[in-house]
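First comes the structure, then the notes that go with it.
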Amino acid sequence: MKAVRRLVACLWLACCVVAMPLAAGAVDDPQEMLANPAQEARAETIGAQLRCLVCQNESIEDSGADLARDLRHVVRVHVAAGESNRQIIAWMVQRYGNFIRLRPPLNTVTLLLWAMPVLALLGGAFAATAAWRTRRTTAAPLTDAEQKRLSDLLEPGR
Amino acid sequence: MPEAGIPGPGLKGEGVTGRGISRRQVLMLAPLGAAAAAGVGFWSMLSGMGSGRFDPHDIHAPAVNRQVPDFDLPSQAPGTGFSSRQLAAQTSPVLVNFFASWCIPCVLEAQTLAGLGRVLPIWGIAYKDHADNAAGFVTRTGNPYARLAADSDGLSAIDWGVSGVPESFLVLPGGLIRWHVAGPLTPEIIDGGLMPVLRAAPR
Chain A
29 MKAVRRLVAC LWLACCVVAM PLAAGAVDDP QEMLANPAQE ARAETIGAQL
79 RCLVCQNESI EDSGADLARD LRHVVRVHVA AGESNRQIIA WMVQRYGNFI
129 RLRPPLNTVT LLLWAMPVLA LLGGAFAATA AWRTRRTTAA PLTDAEQKRL
179 SDLLEPGR
Chain B
25 MPEAGIPGPG LKGEGVTGRG ISRRQVLMLA PLGAAAAAGV GFWSMLSGMG
75 SGRFDPHDIH APAVNRQVPD FDLPSQAPGT GFSSRQLAAQ TSPVLVNFFA
125 SWCIPCVLEA QTLAGLGRVL PIWGIAYKDH ADNAAGFVTR TGNPYARLAA
175 DSDGLSAIDW GVSGVPESFL VLPGGLIRWH VAGPLTPEII DGGLMPVLRA
225 APR
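These protein sequences, in sequence, are chains A and B. Counting from 29, one number per residue, gives the positions in the first sequence under our numbering. Counting from 25, one number per residue, gives the positions in the second sequence under our numbering.
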């Protein structure tokens, strides 16, 4: 048992070590980065929320596309100018629409999307309750005739 | 959902039977209903994509019915550069076309633009291009552009909401963007999209 636990722990550690470099941002060109580490971190946070419009399923921080690099540059210019995260994302949305946000805002179009986890949970709870109740239903006692037939079937000789 | 091991006779008794069956019906119908709703949704999306009513890749809706962004771009040989003020000061609609010599669809679009340029003034913006390459491309493809500017760092294009070349914007007098397409102009797009808007535009 102890050996198994140790093996699992080792596997976890291995996974974390492998995943760590992947989690770090893709911007590795020091020329792109802001000199101020706090500002650079903020720019990376904003960039991770913006979709690259060329590859469409990567953030501009992760993408190697030319346009993504330009957008990263624009984000850093705005961060250096002291704008808030909200202002910078609004600036992007004004030009490219909500499509550029990897995390869509809550509105009438996205209501179902955002509500889906809760709906799925409720549906699951409903199904589980229904199954549990069915299983708990006890059989009605057998009538005399049924009892007799059961005895006949079980012990045909008597 | 599997009924837990109790056969029919066990569920006898008025109330239990009625509730049991209706619940089972609900459980059977719920997935069917959900599947039907999803089916209708998917069908309407797909038919919309077929007819052009719905385009999931049309990511540039915000440009339409907006003023053109502020810009002042230098000349690109063999034309003359222009600014947002000059664009807004026009007295008839202008098509602003972003292109680049390194862009393959732009080569295909060039023939279409040559024909369109006789009906509608086209102002070109060379996107992230070397001046010599852009000049060679325009000359080779028969220069449909009334004016020609260079956006060499591509930052003005971001203000327009451009995500790739070619892209075209119909700009009305006063600088309002009335129509937009992300992708090469084709005779179909011109006849089906641009021309109706142009005819309806105030003169």
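C-beta: ideal position from N, C-alpha, C; glycine also. Computed from a prediction, not measured in an experiment: that's the story for all the values here.
Just so you know, the alpha carbons of residue 214 of chain B and residue 130 of chain A end up roughly 32 Å apart.
At a cut-off of 8 Å, the C-beta of residue 182 of chain B has a neighbouring C-beta in chain A. Ranked by Cα distance from residue 143 of chain B, the first of B:86, B:155, B:116 is B:116. Residue 201 of chain B and residue 140 of chain A have their alpha carbons spaced roughly 32 Å apart.
Distances from the CA of residue 180 of chain B to each of B:92, B:46, B:88, B:74 were compared; the closest alpha carbon is that of B:92. Rounded to the nearest angstrom, the gap between the Cα atoms of residue 64 of chain A and residue 114 of chain B is 45 Å. Taking the Cα of residue 108 of chain B as reference, the smallest distance to any Cα among B:66, B:183, B:219, B:220 is reached at B:183.
In this structure the region 207–221 of chain B does not touch the region 150–157 of chain B; the number of beta carbon pairs closer than 8 Å is below three. Taking 8 Å as the cut-off, the Cβ atoms of residue 80 of chain A and residue 86 of chain A count as close. The alpha carbon of residue 104 of chain A has as its nearest neighbour, out of A:74, A:167, A:90, the alpha carbon of A:74.
At a beta-carbon threshold of 7 Å, the residues of chain A lying near residue 47 of chain B are 158, ordered along the chain.
In chain order, 81, 82, 95 make up the part of chain A whose C-beta sits under 8 Å from the C-beta of residue 188 of chain B. Here the C-alpha atom of residue 195 of chain B lies approximately 56 Å from the C-alpha atom of residue 51 of chain B. Under the Cβ criterion (8 Å, minimum of three pairs), the region 163–182 of chain B counts as touching the region 129–138 of chain B.
Around the beta carbon of residue 103 of chain B, 16 or more other beta carbons sit within 10 angstroms, so the residue counts as buried.
CA-to-CA, the gap between residue 164 of chain A and residue 155 of chain A works out to about 14 Å. Between residue 96 of chain A and residue 82 of chain A, the CB-CB gap stays under 8 Å. Contact residues of the region 104–123 of chain A toward chain B are 122, 123 (C-beta to C-beta distance below 7 Å). Going by C-alpha positions, residue 60 of chain A is about 7 Å away from residue 101 of chain A. Looking at the DSSP output, residue 106 of chain A shares a beta bridge with no other residue.
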